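Engineer: Sharing a structure with you now.
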Amino acid sequence: MPLIAVALASALSALPHIAWERERAEDAHQLTLCQIHRDQLMDRVDRAESMDTHQQAKAVCDLLAREYRQKWDFDAHDALAAQAVDIDELVRRGDAVEVPPGKADYVFD
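Right, here's the structure in full:
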């Protein structure tokens with residue numbers, strides 16, 4: 007049993023670090039909440055103080071949107087995610103095993 011635990015731990019340690027996905031989701035959530043708050047303030051722009059607050063909220067949302075766009079270059083992260091798991095490389099290194107399909111895997115046989 008300890009040998010299985012060691013093998014599992016070593017296999018999991020080779021997995022790519024994906025903490026950036028959580029950080030990206032948190033940033034997107036913060037930006038969405040800011041936009042919702044800005045839109046709610048726009049519904050109440052009839053008062054002068056609300057108009058100033060709306061302008062400030064709009065400036066903050068624009069700043070968050072710019073930071074989000076700069077921080078999360080989608081093409082770079084998609085390329086990182088694509089290179090994170092290369093099945094052929096795993097098979098060549100011996101970390102994964104290629105298994106031919108069995109009879110139960112064929113639908114129309």
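In short: position in the sequence shown from 1, add 6, done, that's the working numbering. Even for Gly, the Cβ is constructed at its ideal location relative to N, Cα and C. Everything numeric in this text was worked out from a predicted model, so none of it was measured.
1) For E44, count neighbouring C-beta atoms within 10 Å of its own C-beta (all shown protein chains included) and say buried if the count is 16 or more, exposed if not.
2) On the criterion of 16 or more Cβ atoms from any shown chain inside 10 Å, does H60 qualify as buried, or is it exposed?
3) For the pair the stretch 100 to 115 and the stretch 62 to 72, tell me if three or more CB-CB distances fall below 8 Å.
4) My output table needs one value for D45: the three-state DSSP class, helix, strand or coil.
5) Quick check on L37: does DSSP put it in helix, strand or coil?
6) Using a Cβ-Cβ cut-off of 6 Å (strictly less than) and excluding sequence neighbours within five positions of C67, which residues of its own chain qualify?
7) DSSP on A71, reduced to helix/strand/coil?
8) Is Y74 near L37, with beta carbons less than 7 Å apart?
9) Have a look at P106 and R99 and give me their C-alpha separation to the nearest angstrom.
10) Just reading off the alpha helix (DSSP H) that R98 is part of, what are its end residues?
Structural biologist: With the given structure in hand:
1) Strictly speaking, residue 44 in this sequence is Arg, with Glu absent from that position. With 16 or more Cβ atoms within 10 Å of its Cβ, R44 is classed as buried.
2) buried
3) no
4) helix
5) helix
6) C40, Q41 and R44
7) helix
8) yes
9) 18 Å
10) I93 to R99
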